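Participant: Okay, so the sequence shown: first residue is 1 according to full-length UniProt numbering, each after it adds one.
Note that the Cβ used here is the ideal one computed from N, Cα and C, for glycine as well.
On a predicted model such as this, the values are computed, not experimentally measured, just so you know.
Okay, here's the structure, questions in a sec.
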Amino acid sequence: MALAVREPGRKLRPASRHLARQRATRVTWTKNGGRYSAALTPLVAPPCEDLMLAPSDTVAVLSIARQDFLSFDSSATCGDVVARFSDAAHKDDVNFACLKQSDGRFLGLVNLRDCLAEAATRPAREMMIDDVTPLTEDTTAEDAARKVLRTRVHCLPVLDKAGRIRGLLPDQAAYQFMFDMADEDAAKMAGIVGVAHDHDNYMNLTIWQDYRRRIPWIFGLAVAGLAAGLVVHAYESALDVLVILALYMPMIADTGGNVGTQSASLITRAISFGSITTLDAGRVLWRELRVALLVAATLFVFTYLKVYFLSNGAEIPMGLGLNDIGIAIGVAITVQVVSATLIGAVLPVVSVALRQDPAVVSGPALTTIVDLTGLLIYFSVTTRLLGIELAPA
Numbered sequence: 001m002a003l004a005v006r007e008p009g010r011k012l013r014p015a016s017r018h019l020a021r022q023r024a025t026r027v028t029w030t031k032n033g034g035r036y037s038a039a040l041t042p043l044v045a046p047p048c049e050d051l052m053l054a055p056s057d058t059v060a061v062l063s064i065a066r067q068d069f070l071s072f073d074s075s076a077t078c079g080d081v082v083a084r085f086s087d088a089a090h091k092d093d094v095n096f097a098c099l100k101q102s103d104g105r106f107l108g109l110v111n112l113r114d115c116l117a118e119a120a121t122r123p124a125r126e127m128m129i130d131d132v133t134p135l136t137e138d139t140t141a142e143d144a145a146r147k148v149l150r151t152r153v154h155c156l157p158v159l160d161k162a163g164r165i166r167g168l169l170p171d172q173a174a175y176q177f178m179f180d181m182a183d184e185d186a187a188k189m190a191g192i193v194g195v196a197h198d199h200d201n202y203m204n205l206t207i208w209q210d211y212r213r214r215i216p217w218i219f220g221l222a223v224a225g226l227a228a229g230l231v232v233h234a235y236e237s238a239l240d241v242l243v244i245l246a247l248y249m250p251m252i253a254d255t256g257g258n259v260g261t262q263s264a265s266l267i268t269r270a271i272s273f274g275s276i277t278t279l280d281a282g283r284v285l286w287r288e289l290r291v292a293l294l295v296a297a298t299l300f301v302f303t304y305l306k307v308y309f310l311s312n313g314a315e316i317p318m319g320l321g322l323n324d325i326g327i328a329i330g331v332a333i334t335v336q337v338v339s340a341t342l343i344g345a346v347l348p349v350v351s352v353a354l355r356q357d358p359a360v361v362s363g364p365a366l367t368t369i370v371d372l373t374g375l376l377i378y379f380s381v382t383t384r385l386l387g388i389e390l391a392p393a
């Protein structure tokens, strides 16, 4: 059997001269006087949208793995592999096949490209990739996708408890699953529930459907936001004495929300990709604390300079100066940055420990918590450092 490849707009050429260049799009061979041809798909498998299910930590790996894979007995030759790949039913399949023992247990993977470059009579087992760590059928899709991406393999076999082959998970399916999961997490962090996992077009949703998936978190957090109003009301007398404090309330709220959301997003992403687990909670907090202190020191200097140089027209009671006020507000924002950063780091880790989705608590809920604690920190620190007496309730 002679093998040749056809490149776009070119004549047939010997396969061995061009396979290494990864440019071939079709393979043609002759056998017993006949001429055969088959499409040569890219090394990376195409997306498996029909096998994609909603991202979830309970989805089994077989839900995203290909189950229409090719498998051969250990006695198969390279010619057998090439001939089977020419079948129209498998033209769009991945370029890997499984070798199995006589009892059906997995032996290794065979790459079509390797078989094309060898004699048809050469045993496929000699071309086998045997250093493969297979997945088990009880592995979750999330864990399986992480393993495929972490090990940078083109595909991994899925085996049952007896070691028999149940499916192949290509890297493209793993990428698609992780993309869907990230899409779901982003929606949860935005306070949107009931996200469609089949990527429904935004304009295809009715107004009522859009309303229903947005209103639960928005309404709940609006009710929770009443607590922030109560805090401001409790310190109303301090604002009457020193109006300049009101000017920096938005800065406190925005800064706390930004650093808290940033920290939570980084931790949630690290958890999603398996970089950290709940056992790393201590190391995560220690790392976030050191980063928070550096960020806080930078913002302290910025806040102090802003108060000192840009607040000359503010009304200041006797006995106080812009230097004192700048230091007080700077200390408050320092404490707020450290607090918000640690809260943003703790919530995702705690939610995972409680078997909850970290994306849910890392969005609007985090913002509300940080806003509330930020106001408490701001007024507590500034009134104490500036010696402002609060009027009795």
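Going by C-alpha to C-alpha distance, which of M203, D138, G282 and G387 sits closest to A60?
Facilitator: Mapped onto the sequence shown, residue 60 falls at position 60. Comparing Cα-Cα distances from A60 to each of M203, D138, G282 and G387, the minimum goes to D138.
Participant: Under the assumption that L342 contacts L285 (Cβ atoms under 8 Å), give the Cβ distance between them as a whole number of angstroms.
Facilitator: Taking the first residue of the sequence shown as 1, we reach residue 342 at position 342. Taking the first residue of the sequence shown as 1, we reach residue 285 at position 285. Yes, L342 and L285 are in contact; Cβ-Cβ is about 6 Å, under 8 Å.
Participant: Can you list, in chain order, the residues of its chain whose CB lies under 8 Å from that of M251, leaving out five sequence neighbours each side?
Facilitator: Your numbering for residue 251 matches position 251 in the sequence shown. Closer than 8 Å at Cβ, skipping near neighbours: T303 and I333.
Participant: Within its chain, find whatever has a CB closer than 6 Å to the CB of T121; leave out the 5 residues flanking it on each side and keep chain order.
Facilitator: Taking the sequence shown and counting its residues from 1, the one referred to as residue 121 is at position 121. These residues qualify, in order along the chain: T77.
Participant: Check R214 in the structure and name its three-state DSSP category.
Facilitator: In the sequence shown, counting from the first residue as 1, residue 214 sits at position 214. Looking at R214 - three-state DSSP - the assignment turns out to be helix.
Participant: Hey, would you say L385 sits closer than 7 Å to A328, going by beta carbons?
Facilitator: Locating residue 385 in the sequence shown gives position 385, where the first residue counts as 1. Locating residue 328 in the sequence shown gives position 328, where the first residue counts as 1. Yes, they are a contact pair.
Participant: Helix or strand or just coil, what does DSSP make of F96?
Facilitator: Here residue 96 corresponds to residue number 96 of the sequence shown, with the count starting at 1. Reduced to three states, the DSSP call for F96 is strand.
Participant: What is the DSSP secondary structure of G374, reduced to helix, strand or coil?
Facilitator: The residue you call residue 374 lines up with position 374 of the sequence shown. G374 falls in the helix class under three-state DSSP.
Participant: Would you list the one or two residues that DSSP bridges to G167?
Facilitator: Numbered from 1 along the sequence shown, position 167 holds the residue referred to as residue 167. V158.
Participant: For L289, count neighbouring C-beta atoms within 10 Å of its own C-beta (all shown protein chains included) and say buried if the count is 16 or more, exposed if not.
Facilitator: Along the sequence shown, read from residue 1 onward, the residue named residue 289 stands at position 289. It is exposed - the Cβ of L289 has fewer than 16 other Cβ atoms within 10 Å.
Participant: Out of L112, L159 and A234, state which residue places its alpha-carbon closest to the alpha-carbon of T383.
Facilitator: What you label residue 383 is simply residue 383 of the sequence shown in a count that begins at 1. If we check each option's Cα against that of T383, A234 comes out closest.
Participant: Taking the continuous alpha helix (DSSP H) assigned at F85, which residues delimit it?
Facilitator: In the sequence shown, counting from the first residue as 1, residue 85 sits at position 85. Where F85 is concerned, the enclosing alpha helix (DSSP H) stretches over C78 to F85.
Participant: In terms of residues, what are the limits of the alpha helix (DSSP H) holding G344?
Facilitator: What you label residue 344 is simply residue 344 of the sequence shown in a count that begins at 1. Element bounds for G344: L322 to A353.
Participant: In chain order, what residues of the same chain lie with their CB nearer than 8 Å to the CB of V231, ignoring the 5 residues before and after it?
Facilitator: Within the sequence shown, the letter at position 231 stands for residue 231. For V231, where only same-chain residues beyond five positions count, the Cβ hits under 8 Å are L372, L375, L376 and F379.
Participant: By alpha-carbon positions, which one of L226, L112, L245 and V349 ends up nearest to S86?
Facilitator: To locate residue 86, count along the sequence shown from 1; it is residue 86. Looking at the Cα atoms, L112 is the closest of the given residues.
Participant: Assuming D114 is part of the alpha helix (DSSP H), what are its boundary residues?
Facilitator: Taking the sequence shown and counting its residues from 1, the one referred to as residue 114 is at position 114. Element bounds for D114: L112 to L116.
Participant: Can you give the Cα-Cα distance for L294 and G260, rounded to whole angstroms?
Facilitator: As a first step, residue 294 must be located in the sequence shown, where it is residue number 294. As a first step, residue 260 must be located in the sequence shown, where it is residue number 260. Going from the Cα of L294 to the Cα of G260 covers about 15 Å.
Participant: Give the single residue among R125, V337 and G225 whose Cα lies nearest to the Cα of Q262.
Facilitator: Along the sequence shown, read from residue 1 onward, the residue named residue 262 stands at position 262. For Q262, the nearest C-alpha among the options comes from V337.
Participant: State the Cα-Cα distance for the pair N258 and D114, rounded to the nearest angstrom.
Facilitator: Working through the sequence shown from its first residue, we reach residue 258 at position 258. Working through the sequence shown from its first residue, we reach residue 114 at position 114. About 52 Å.
Participant: Regarding I388 and the ligand GTP, is the C-beta to nearest heavy atom distance less than 6 Å?
Facilitator: The ligand GTP is absent from the structure shown, which contains no ligands of any kind.
Participant: Is the Cβ-Cβ distance between I64 and F177 less than 7 Å?
Facilitator: Translated into the one-based positions of the sequence shown, residue 64 becomes position 64. Translated into the one-based positions of the sequence shown, residue 177 becomes position 177. Yes; because the gap between Cβ atoms is below 7 Å, this pair is in contact.
Participant: Compute the Euclidean distance between the alpha carbons of R287 and G319, then round it to the nearest angstrom.
Facilitator: The residue you call residue 287 lines up with position 287 of the sequence shown. The residue you call residue 319 lines up with position 319 of the sequence shown. Cα to Cα, the separation comes out at about 41 Å.
Participant: One question on the structure: do L135 and V153 come within less than 7 Å of each other, judged by their Cβ atoms?
Facilitator: To locate residue 135, count along the sequence shown from 1; it is residue 135. To locate residue 153, count along the sequence shown from 1; it is residue 153. Taking 7 Å as the Cβ cut-off, L135 and V153 do not qualify as a contacting pair.
Participant: Return the Cβ separation of R125 and S71 in integer angstroms, given the expectation that the two are a contact with Cβ distance under 8 Å.
Facilitator: Translated into positions along the sequence shown, residue 125 becomes position 125. Translated into positions along the sequence shown, residue 71 becomes position 71. Going by Cβ atoms, the distance from R125 to S71 rounds to 13 Å, so no, they are not a contact pair.
Participant: In chain order, what residues of the same chain have a beta carbon less than 6 Å from the beta carbon of L242, not counting five sequence neighbours either side?
Facilitator: To locate residue 242, count along the sequence shown from 1; it is residue 242. Hits under 6 Å: none found.
Participant: If you compare alpha carbons, which of I215, Y211, G220 and A340 is closest to V291?
Facilitator: Within the sequence shown, the letter at position 291 stands for residue 291. Ranking the options by Cα distance to V291, first place goes to A340.
Participant: What is the DSSP secondary structure of R269, counted as helix, strand or coil?
Facilitator: Position 269 of the sequence shown, counted from the start, is the residue given in the question as residue 269. In this structure, R269 counts as helix in the three-state DSSP scheme.
Participant: Does DSSP put S263 in a helix, a strand or coil?
Facilitator: Locating residue 263 in the sequence shown gives position 263, where the first residue counts as 1. It is helical.
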